[in-house]
Amino acid sequence: MSVVRAEGGVVLLLSGSSSSGKSTLARALLRQTGEPCALVEADAAYPALNVPPHTAIVVFHRSMAAWSEAGYHLVLDGSLPYDDHDLRRQCLEALPAGRSFVVGVHCDLTELRRRETARPEPRLAGWAERQAADVNDGLDLLLDIDTTSGATDEHARSVWTALRRRHRRPADTPVR
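Just so we're aligned: the sequence shown equals residues 427 to 602 in my numbering.
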């Protein structure tokens, strides 16, 4: 199998509040694709740059576009800025048109609160709930996944199925 494709790879951006299940879904998506694919967790991937944060965020998304242009599929876990809609638009515009798709990820508030308090790393109390109210407002979603219940692998299959229906080359991301 060739790693580099002339037509470029697909970018899946998982967008949802903290503790919504994005990382778990991202790992399942990576396991299920039979194509070259990279999982990028935004919390860990943003480089330390001595430039304004706004610039660093846009540059990060441009670098993700370079991976896609080189033929790799990407699953981006939580890369979109939450509280700045203009910056979010710039980030989306930096990604390849026609090959970038946003998947909304959410769970009900009771489950969200449970997950947030169970996290091993410290988070600002209530941050996930505040984000959940409007984190995906204004986004054109490929699909919105409710991770409150159900099998994560089934949620991932739903994403790949929706992508095949919407993307111009439906056989591009075979599922194992």
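Built from N, CA and C at the ideal position, the CB exists for glycine as well.
Nearest to residue i (by Cα), restricted to the options the options
i      : options                        : result
Met490 : Asn562, Leu513, Glu519         : Glu519
Leu569 : Glu555, Arg591, Ala559         : Arg591
Thr573 : Thr481, Ala474, Arg541, Glu461 : Arg541
Ser443 : Ala551, Cys463, Gly524         : Ala551
Gly435 : Ser446, Gln458, Pro462, Ala454 : Pro462
His511 : Thr587, Ala454, Asp560, Arg457 : Asp560
Asn609 : Arg488, Thr543, Tyr508, Ala544 : An answer regarding residue 609 cannot be provided, because it is not within the stretch 427 to 602 covered by the chain.
Trp553 : Gly564, Arg525, Ser446         : Ser446
Ser505 : Gly576, Leu438, His499         : Leu438
Ser526 : Ala492, Leu475, Gly576, Arg539 : Ala492
Leu513 : Leu565, Gly576, Leu456, Tyr498 : Leu565
Glu555 : Gly460, Tyr498, Arg539         : Arg539
Contacting residues, own chain, Cβ-Cβ under 7 Å from residue i (five flanking each side not counted)
i      : result
Leu567 : Val528, Val529, Gly530
Val484 : Gln516, Cys517, Ala520
Arg488 : Ala520
Ala588 : Leu568, Leu569
Ala597 : For Ala597, the predicted structure reports a pLDDT of 47, less than 50, and the residue's modelled location is therefore unreliable. The matter cannot be settled from this model.
Glu537 : Thr574
Gln557 : Ser443, Ser444, Tyr508
Asp534 : Thr574
Pro522 : Gly434, Val437, Ala491, Ser494, Glu495
Leu456 : Cys463, Leu465, Val501
Which residues DSSP lists as bridging residue i, in chain order
i      : result
Val528 : Leu439, Leu567
Glu461 : For Glu461, which the question treats as bridged, DSSP gives no partner whatsoever.
Asp572 : His532
Asp503 : Leu440, Glu467
Cβ shell of residue i (< 8 Å), same chain only, five flanking positions each side left out
i      : result
Asp503 : Leu440, Lys448, Ser449, Ala452, Leu465, Val466, Glu467, Ala468, Asp469
Ala454 : Thr578, Asp579, His581, Ala582
Same chain, Cβ closer than 6 Å to residue i, five either side skipped, listed in chain order
i      : result
Ile571 : Val531, His581
Segments assigned alpha helix (DSSP H), at least 4 residues, entirely inside the stretch 530–556: 535–544
Inter-stretch contact (C-beta, 8 Å, three-pair minimum) for the stretch 471–487 and the stretch 571–586: no
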